[in-house]
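The next block holds one structure in the form of structure tokens; read it before the comments.
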Amino acid sequence: MLFNDLFREEYRTILVKGSDEPEYIPVSDPGGMAKVVFAHGYYASALHEISHWCIAGAHRRTLHDYGYWYCPDGRTPEQQRQFEQVEVKPQAIEWLFSLAAGTRFHISVDNLSGNGAADDTGFRQRVRTQAGQYLKSGLPLRATQFFDALMTFYGTGEQLAQVWEQDKHRIAPLQTESDVRIETEAV
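Counted the way our numbering counts, the sequence shown spans residues 1424 to 1610.
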């Protein structure tokens, strides 16, 4: 509802529930709507797909799945490194959307039948760093609009900074934070 109310008219784009695979379907006919399709009605899938849409430029929004390469689950280590490289910004934005919506974010390496993450710790740190930069310097325009709509709708604005401070340690603790947590847990 929030996404469609914000972007239906100006961007001729709607968010719709799909089945197995999320995807972006550009406008196919004059007067039609582009569709951001999220998987199985999962809230996290919707936030993730919206994140991709929010950073896709005008040309990319004319291409199916924004014209990005996608290799399904079961990637080689090199394919996984490429996947992790392009997922930093969308996952950072998804994380901030999750905070604004008051939901729990989970980082995804999307490679369950492969070898998992190519660099789990590094990937988590890059996503954390990018999310922190967005909080400090601002999100892209459409992401800002959606982020603000989520905070307003869910009433999360006042506690967002505090929740971010807690959540960044849960998702991607720095080495020194991990050491402190291990020492504290041992006591």
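Each residue gets a CB set at the ideal place from its N, CA and C atoms; glycine is no exception.
Assuming E1507 contacts D1452 under a Cβ cut-off of 8 angstroms, what Cβ separation, rounded to an integer in Å, is found between them?
With a Cβ gap of about 36 angstroms, E1507 and D1452 do not count as contacting.
Does L1470 come out as helix, strand or coil in the three-state DSSP assignment?
helix
Limits of the unbroken beta strand (DSSP E) element including T1575
Premise fails: T1575 lies in the alpha helix (DSSP H), L1564 to Y1577, not in any beta strand (DSSP E).
Pick out whichever of W1518, A1572 and T1526 has its Cα sitting closest to the Cα of Q1548.
W1518
From this set, H1482, M1424 and E1501, which residue's C-alpha is nearest I1473's C-alpha?
M1424
Could you pull the DSSP bridge partners for E1446 from this structure?
V1460
If I measure Cβ to Cβ from V1610 and keep anything under 7 angstroms in the same chain, skipping five residues before and after, which residues do I get?
Confidence in V1610 is poor, its pLDDT being 44 and thus under 50, which makes the residue's placement too unreliable to answer from.
Counting along the chain, where does the beta strand (DSSP E) carrying L1486 start and finish?
No beta strand (DSSP E) holds L1486; DSSP gives it neither H nor E.
Are the CB atoms of Y1557 and A1515 within a distance shorter than 8 angstroms?
yes
For F1576, does the count of other Cβ atoms within 10 angstroms reach 16, so buried, or fall short, so exposed?
exposed
In three-state terms, what does DSSP make of T1526?
coil
For H1487 and P1596, I'd like the C-alpha separation in whole angstroms.
36 angstroms
Quick one: Cα of E1501 to Cα of F1546, how far?
14 angstroms
What does I1437 pair with, by DSSP beta-bridge criteria?
K1458
What's the call for V1509, buried or exposed, on a 16-neighbour Cβ count within 10 Å?
exposed
Compare the Cα-Cα distances from G1480 to each of I1437, R1565, E1588 and R1431 and report the closest residue.
R1565
Among the residues of its own chain, which have a CB less than 8 angstroms from the CB of A1457, if the five just before and after it don't count?
Y1434, R1435, T1436, I1437, Y1447, I1448, P1449, V1450 and R1484
Residue from Q1553, F1570 and Q1585 whose Cα sits closest to the Cα of L1470:
F1570
Can you tell which of S1560, R1431 and R1551 has its C-alpha closest to the C-alpha of E1588?
R1551
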